[in-house]
Amino acid sequence: MMKAYEYHHIVSFQETNLVGNVYYANYVQWQGRCREMFLKDNAPDIITELCQGLALVTVRVSCEYLSELFAFDHVIIRMRLGEIKQNRITMLFEYWRVTDEGEELVAKGEQQTACMRREDSETRPTPIPAQLKLALENYHIPI
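For the sequence shown, counting from 1, position 86 maps to 99 in the numbering used here; every step adds exactly one.
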């Protein structure tokens, strides 16, 4: 299995709906959280660049739900690089429920971001910063 960046999460009541399962939009929110923690852990200089005009703009996101999650479930979100093309990065996500018996795949997702730079009142495509590209290559899986 290819190396993945892992973000561990415990589901809270706030993330569930009236039926008691996790509300679907939270899976996408967790993709964003995983991506942020990846930057903090693997490319911290990018955070400074984000304050200086760099923008990582989400242009596409998806999630396929295989099984339900509930309050207090322990979930590992595993993120891998799918593809880098020009200024775009495609990340692949797997959501694994951790139980006493092992792990169960409960969802799969994908997110594509574009590297952009804010200049004056416009946002323009910009190359992926070298530090980010290098950090991502450690988690590459061909799609």
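Glycine is no exception: its CB is placed at the ideal position from the N, C-alpha and C atoms. Keep in mind the model is a prediction, meaning the values are calculated, not measured.
Between the CA atoms of residue j and residue i - distance to the nearest angstrom
i: residue 54; j: residue 153; result: 17 Å
i: residue 34; j: residue 75; result: 19 Å
i: residue 100; j: residue 67; result: 12 Å
i: residue 108; j: residue 137; result: 33 Å
i: residue 126; j: residue 145; result: 13 Å
i: residue 56; j: residue 21; result: 19 Å
i: residue 113; j: residue 135; result: 51 Å
i: residue 38; j: residue 17; result: 23 Å
i: residue 43; j: residue 116; result: 18 Å
i: residue 47; j: residue 92; result: 7 Å
i: residue 78; j: residue 95; result: 19 Å
i: residue 90; j: residue 25; result: 15 Å
First and last residue of the uninterrupted beta strand (DSSP E) at residue i
i: residue 121; result: 115-132
i: residue 19; result: 18-23
i: residue 135; result: 135-138
N-terminal and C-terminal residue of the alpha helix (DSSP H) that residue i is part of
i: residue 41; result: 38-55
i: residue 145; result: 143-150
i: residue 61; result: 58-63
Contact with chain B by residue i, beta-carbon distance below 7 Å
i: residue 79; result: Judged by its chain identifiers, the structure shown contains no chain B, having just a single protein chain.
Rounded Cβ spacing between residue i and residue j (contact assumed at less than 8 Å)
i: residue 40; j: residue 122; result: 6 Å
i: residue 83; j: residue 23; result: Not quite, the Cβ-Cβ distance comes to about 11 Å (not below 8 Å), so this is no contact.
i: residue 97; j: residue 141; result: 6 Å
i: residue 111; j: residue 87; result: 4 Å
For residue i, the residue or residues it bridges with in DSSP
i: residue 81; result: For residue 81, which the question treats as bridged, DSSP gives no partner whatsoever.
i: residue 103; result: 96, 125
i: residue 67; result: 130
i: residue 34; result: 83
i: residue 74; result: 124
Next item on the list: Flag this pair as touching only if the region 57-66 and the region 103-115 have three or more C-beta atom pairs under 8 Å; answer yes or no.
Entry: no
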